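**Q** Below is the structure I would like to discuss, written out as structure tokens.
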Amino acid sequence: MGELDDAARAEILLALTPDVGPVLRSRLVERFGDAASVFAATDAELQFVPGIGPKIARRILAAR
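First residue of the sequence shown? That's 4 in the working numbering, and the numbers climb one at a time after it.
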């Protein structure tokens, strides 16, 4: 069985991030293009996404 590529790993990390359900994941990917780009975003950039406040932004940043 092969190793996960970076894109697949980012998708899994985002799916496992507490308080980030399917709706927020969809909004994040729509805003940033893909899960890897979500993890490259800053705290302030994340908070521009509807439903993402300081608490959830910190959780996303901690997951990367």
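Glycine residues also receive a C-beta, built at the ideal position from the N, C-alpha and C atoms.
Predicted model, so just to flag it, every value in this text is computed and none were measured.
Given this structure, state the Cα-to-Cα distance separating R12 from G54, to the nearest angstrom.
**A** Cα to Cα, R12 sits roughly 23 Å from G54.
**Q** How is A44 classed by DSSP in three states: helix, strand or coil?
**A** In the structure shown, A44 sits in coil (DSSP, three-state: anything other than H, G, I, E or B).
**Q** Can you tell me where the alpha helix (DSSP H) with L64 in it begins and where it stops?
**A** Taken as a continuous stretch (DSSP letters only), the alpha helix (DSSP H) holding L64 covers P57 to A66.
**Q** Around the C-beta of T20, are 16 or more other C-beta atoms found within 10 angstroms, so that it is buried, or is it exposed?
**A** Burial call: buried.
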